[in-house]
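A.B. asks: Below is one structure. I have some questions about it.
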Amino acid sequence: MTIFLSENILETSTLPPEESFHCAKVLRMRQNEEIQVIDGKGNLFTAKITVPDAKCTQIDIISVEKEFEKRGYYLHLAVAPTKNIDRFEWFVEKAVEIGVDCITPLVCRYSERKTVNISRLEKIIVSAAKQSLKAYLPKLNPITNFNDFITQTTENQRFIAHCYNTPKTPLFSICQPKQSTLVMIGAEGDFSEEEVKAAESVGFQSVSLGNARLRTETAGVAAVHTVGLINSL
Numbered sequence: 001m002t003i004f005l006s007e008n009i010l011e012t013s014t015l016p017p018e019e020s021f022h023c024a025k026v027l028r029m030r031q032n033e034e035i036q037v038i039d040g041k042g043n044l045f046t047a048k049i050t051v052p053d054a055k056c057t058q059i060d061i062i063s064v065e066k067e068f069e070k071r072g073y074y075l076h077l078a079v080a081p082t083k084n085i086d087r088f089e090w091f092v093e094k095a096v097e098i099g100v101d102c103i104t105p106l107v108c109r110y111s112e113r114k115t116v117n118i119s120r121l122e123k124i125i126v127s128a129a130k131q132s133l134k135a136y137l138p139k140l141n142p143i144t145n146f147n148d149f150i151t152q153t154t155e156n157q158r159f160i161a162h163c164y165n166t167p168k169t170p171l172f173s174i175c176q177p178k179q180s181t182l183v184m185i186g187a188e189g190d191f192s193e194e195e196v197k198a199a200e201s202v203g204f205q206s207v208s209l210g211n212a213r214l215r216t217e218t219a220g221v222a223a224v225h226t227v228g229l230i231n232s233l
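Below, the structure written as structure tokens:
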């Protein structure tokens, strides 16, 4: 069944313009066809098209599943965008598919990219959420400076993943399930040693994501998957 996003579905019983166009013009869906709609707030609706229209498709709600597949944990990934933005966009897509609640692009000392297109990333998040049938839309924060970010975090578990040959614990053995968790991933040149020390001084724990040396975007996906597995046991 085709999935659409309508954040105000309960108030309007319509699809927004972009989704209406996709429904009526691109997919050429007809009256009385059934669709699924997410509102990004945890509700999954089954609905019937009453008026297919390229600007404002009208629907009747048949049923709703509240808190659809709600996870018993909270995961925040803070990742430095890659120089090749395609790689960072790939990370965002895969993180949403696996399961993440919040993504913050970071500017670190060795960052080669210090801007991102928030609007484009939000579209990728919506597309990935619909594709993977996620009723909750992850929050995307503005790109944030590393030093500002580490002083603003409130998660119960806070980890910084890096490649330095200093004491650190595998994420899978230290991360506890059913917790509010934050994992930071550095730029392609890693975090600086000063950044690692600064994070540790405010309560972050240094972790590894395995023995392999991973690209930034791969490390981000590995972190999301690891936390997801820990919470599925």
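Numbering (my numbering), first residue to last: 1 to 233.
Note that beta-carbon positions come from the ideal geometry of N, C-alpha and C, so glycine has one too.
Only a predicted model underlies this, so the values are computations on that prediction, with no experimental measurement involved.
With a cut-off of 8 Å on the beta carbons, I'd call Ala128 and Val96 a contact; round off their distance for me.
C.D. replies: Position 128 of the sequence shown, counted from the start, is the residue given in the question as residue 128. Position 96 of the sequence shown, counted from the start, is the residue given in the question as residue 96. Going by Cβ atoms, the distance from Ala128 to Val96 rounds to 4 Å, so yes, they are a contact pair.
A.B. asks: Compare the beta carbon distance of Glu188 and Arg213 with 9 Å and say whether it is the shorter of the two.
C.D. replies: Here residue 188 corresponds to residue number 188 of the sequence shown, with the count starting at 1. Here residue 213 corresponds to residue number 213 of the sequence shown, with the count starting at 1. No. Outside cutoff.
A.B. asks: Please give me, in chain order, every unbroken run of the alpha helix (DSSP H) with length at least 4 that falls completely inside the stretch 137–225.
C.D. replies: 146–150, 171–174, 193–201
A.B. asks: Would you mind sorting Pro17 into buried or exposed? The rule is 16 or more other CB atoms within 10 Å of its CB.
C.D. replies: For the purposes of this step, residue 17 is taken as the residue at position 17 of the sequence shown. Taking every protein chain shown into account, the CB of Pro17 has fewer than 16 other CB atoms within 10 angstroms, so this residue is exposed.
A.B. asks: Could you tell me which of Asn8, Glu33, Thr12 sits nearest to Met1, measuring between CA atoms?
C.D. replies: For this step, residue 1 is matched to residue 1 along the sequence shown. It is Glu33.
A.B. asks: Tell me where the alpha helix (DSSP H) around Leu236 begins and ends.
C.D. replies: A question about residue 236 goes unanswered here, because the residues of the chain that appear run from 1 up to 233.
A.B. asks: Using C-beta distances below 6 Å, list every residue in its chain close to Thr104, excluding the 5 sequence neighbours before and after it, in chain order.
C.D. replies: Locating residue 104 in the sequence shown gives position 104, where the first residue counts as 1. The residues are Ala78, Asn141, Thr144.
A.B. asks: I need the DSSP call for Pro17, collapsed to helix, strand or coil.
C.D. replies: Within the sequence shown, residue 17 is the residue found at index 17, counting from 1. The answer is helix: DSSP assigns Pro17 an H, G or I state.
A.B. asks: Starting from the Cα of Phe172, find the closest Cα among Glu122, Asn165, Thr181 and give me that residue.
C.D. replies: Taking the sequence shown and counting its residues from 1, one reaches residue 172 at position 172. Residue Thr181 is the option with its Cα nearest to Phe172.
A.B. asks: Between Lys139 and Gln179, what straight-line distance do the alpha-carbon atoms span, to the nearest angstrom?
C.D. replies: Position 139 of the sequence shown, counted from the start, is the residue given in the question as residue 139. Position 179 of the sequence shown, counted from the start, is the residue given in the question as residue 179. Approximately 18 Å between the Cα atoms of the pair.
A.B. asks: Using CA atoms only, rank isn't needed, just tell me which of Ala54, Ile62, Gly40, Asp39 is closest to Thr46.
C.D. replies: Position 46 of the sequence shown, counted from the first residue, corresponds to residue 46. Selected option, being the one with the closest Cα: Ile62.
A.B. asks: Give, in chain order, every unbroken run of the beta strand (DSSP E) that is at least 3 residues long and sits entirely within the stretch 53–123.
C.D. replies: Positions of the beta strand (DSSP E) runs, each at least 3 residues long and wholly inside the stretch 53–123, are given as 58–65, 74–79, 102–107 in order along the chain.
A.B. asks: When the Cα atoms are used, what is the spatial distance from Arg158 to Phe204?
C.D. replies: Along the sequence shown, read from residue 1 onward, the residue named residue 158 stands at position 158. Along the sequence shown, read from residue 1 onward, the residue named residue 204 stands at position 204. Cα to Cα, Arg158 sits roughly 5 Å from Phe204.
A.B. asks: According to DSSP, is Gln31 helix, strand or coil?
C.D. replies: Mapped onto the sequence shown, residue 31 falls at position 31. Gln31: coil per DSSP, three-state reduction.
A.B. asks: Per the contact definition of three or more C-beta pairs closer than 8 Å, is the stretch 82–92 in contact with the stretch 120–127?
C.D. replies: At 8 Å Cβ cutoff, the stretches touch.
A.B. asks: Do you know offhand how far His76's Cα is from Glu155's?
C.D. replies: Counted from its first residue, the sequence shown places residue 76 at position 76. Counted from its first residue, the sequence shown places residue 155 at position 155. One C-alpha to the other measures close to 8 Å.
A.B. asks: I believe Gly220 touches Ile185 by the beta-carbon criterion, under 8 Å. Please report the beta-carbon distance rounded to the nearest angstrom.
C.D. replies: Counted from its first residue, the sequence shown places residue 220 at position 220. Counted from its first residue, the sequence shown places residue 185 at position 185. That belief holds up - the Cβ atoms of Gly220 and Ile185 are roughly 5 Å apart, short of 8 Å.
A.B. asks: Based on DSSP bridge pairs, tell me the residues matched to Ala47.
C.D. replies: To locate residue 47, count along the sequence shown from 1; it is residue 47. For Ala47, which the question treats as bridged, DSSP gives the partners Ile35, Ile61.
A.B. asks: Quick one, which of Gly72, His162, Phe4 has its alpha-carbon nearest Lys197's?
C.D. replies: Residue numbering aside, residue 197 sits at position 197 when the sequence shown is read from its first letter. Ranking the options by Cα distance to Lys197, first place goes to His162.
A.B. asks: In whole angstroms, what separates the C-alpha of Asn147 from that of Glu200?
C.D. replies: Working through the sequence shown from its first residue, we reach residue 147 at position 147. Working through the sequence shown from its first residue, we reach residue 200 at position 200. Distance between the alpha carbons of Asn147 and Glu200: 12 Å.
A.B. asks: Anyone know if the C-beta pair for Ser6 and Val51 falls short of 9 Å?
C.D. replies: To locate residue 6, count along the sequence shown from 1; it is residue 6. To locate residue 51, count along the sequence shown from 1; it is residue 51. Going by C-beta atoms, Ser6 is not nearer than 9 Å to Val51.
A.B. asks: Quick check: Lys70 and Tyr164, are their CB atoms within less than 9 Å of each other?
C.D. replies: For the purposes of this step, residue 70 is taken as the residue at position 70 of the sequence shown. For the purposes of this step, residue 164 is taken as the residue at position 164 of the sequence shown. The Cβ atoms of Lys70 and Tyr164 lie no closer than 9 Å to each other.
A.B. asks: If the criterion is Cβ atoms closer than 9 Å, does the pair Val224 and Gly99 meet it?
C.D. replies: Taking the first residue of the sequence shown as 1, we reach residue 224 at position 224. Taking the first residue of the sequence shown as 1, we reach residue 99 at position 99. Yes, the Cβ-Cβ distance between Val224 and Gly99 is below 9 Å.
A.B. asks: Have a look at the DSSP bridge pairing and note the partners of Ile230.
C.D. replies: Indexing the sequence shown from 1 puts residue 230 at position 230. Beta-bridge pairing by DSSP links Ile230 to no other residue.
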